[in-house]
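Asker:
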Amino acid sequence: MSVPKCLVLLDDEDAARELASFAVKLVKANPELEVVLLYASPLRDAVPSLPGAGWLAQEEFERYFRLRADSVLAEALAVFRAAGIGARTLSLPEDPVAAVEHLVESEPDYALVVVSDRGTGGRLHYVLSSEVYRLSHFLPLPLVVVKAGWH
């Protein structure tokens, strides 16, 4: 029998710490659970809003994405390391919902997806274009939405 996996979708450093704390509690309650930390964002969203950002080369988009992904994943991994628990990390330069969908379809061992209530978009996009809304409509697994500041 395969090990059940929990996919944690990270969006920023603050949410990464909160979601990692929640996932650590899940692992302590279910020691057989494997956690996969995912940072996914289209390359264009990884670039800071600066004058002239539209003129960046593809390599620059990739560099900004990698810096952002490394920063967010490092925050989450620090929480896991402090608890003495391991986690696998992934970073994908694509829409977060599409990334979750591809992973869940390609790796059938996922038992749960954990996301922040903030999502990766701004508050204006929360209702119909948020990851929470979109995932809740297609995901064939339980979806746990962790409220910001829950602990």
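If you read the sequence shown in UniProt numbering, its first letter stands for residue 1, the second for the next number, and so on. Note that the Cβ used here is the ideal one computed from N, Cα and C, for glycine as well. Please read these numbers as outputs of a predicted model, since none were measured by experiment.
1) Check whether the stretch 8-25 touches the stretch 127-147, taking contact to mean three or more Cβ pairs, one atom from each stretch, closer than 8 Å.
2) I'd like to know whether the C-beta atoms of residue 39 and residue 20 end up nearer to each other than 8 Å.
3) Indicate whether residue 111 and residue 141 have their beta-carbon atoms separated by less than 8 Å.
4) Flag residue 131 as yes if its beta-carbon sits less than 8 Å from any beta-carbon of chain D, otherwise no.
5) By alpha-carbon positions, which one of 65, 103, 144 and 25 ends up nearest to residue 113?
6) Classify residue 71 as helix, strand or coil using the three-state DSSP reduction.
7) Could you check if residue 5 is buried or exposed, using at least 16 other CB atoms within 10 Å of its CB as the buried criterion?
8) Using only the heavy atoms of the ligand NAP, determine whether one of them is closer than 7 Å to the beta carbon of residue 139.
9) Throw me the rounded Cβ distance for the residue 76 and residue 16 pair, which I believe falls under 8 Å.
10) Name the residue from 61, 23 and 24 whose alpha carbon lies nearest to the alpha carbon of residue 41.
11) Measure from the alpha carbon of residue 118 to the alpha carbon of each residue in 148, 87 and 89, then state which is nearest.
12) Quick check: residue 146 and residue 87, are their CB atoms within less than 8 Å of each other?
13) For residue 3 and residue 109, I'd like the C-alpha separation in whole angstroms.
Answerer: Considering the structure as presented:
1) With the cut-off at 8 Å, the stretch 8-25 and the stretch 127-147 touch.
2) The residue given as residue 39 occupies position 39 in the sequence shown. The residue given as residue 20 occupies position 20 in the sequence shown. Going by C-beta atoms, residue 39 is not nearer than 8 Å to residue 20.
3) Here residue 111 corresponds to residue number 111 of the sequence shown, with the count starting at 1. Here residue 141 corresponds to residue number 141 of the sequence shown, with the count starting at 1. Yes, Cβ-Cβ distance for residue 111 and residue 141 is below 8 Å.
4) In the displayed structure, chain D is absent; only one protein chain is listed.
5) Position 113 of the sequence shown holds residue 113. The candidate whose alpha carbon is nearest that of residue 113 is 144.
6) Numbered from its first residue, the sequence shown carries residue 71 at position 71. The answer is helix: DSSP assigns residue 71 an H, G or I state.
7) In the sequence shown, counting from the first residue as 1, residue 5 sits at position 5. With 16 or more Cβ atoms within 10 Å of its Cβ, residue 5 is classed as buried.
8) In terms of ligand content, the structure shown is empty, and the ligand NAP therefore cannot be addressed.
9) Here residue 76 refers to the residue found at position 76 of the sequence shown. Here residue 16 refers to the residue found at position 16 of the sequence shown. 4 Å between Cβ atoms; contact.
10) Residue 41 sits at position 41 when you count from the first residue of the sequence shown. Ranking 61, 23 and 24 by Cα distance to residue 41 puts 61 first.
11) Taking the first residue of the sequence shown as position 1, residue 118 is located at position 118. The option with the nearest alpha carbon to residue 118 is 148.
12) Here the question's residue 146 lines up with position 146 in the sequence shown. Here the question's residue 87 lines up with position 87 in the sequence shown. It is not a contact, given that the beta carbons lie outside the stated cut-off.
13) Stepping through the sequence shown from its first residue, residue 3 is reached at position 3. Stepping through the sequence shown from its first residue, residue 109 is reached at position 109. Each residue's Cα considered, the two are about 7 Å apart.
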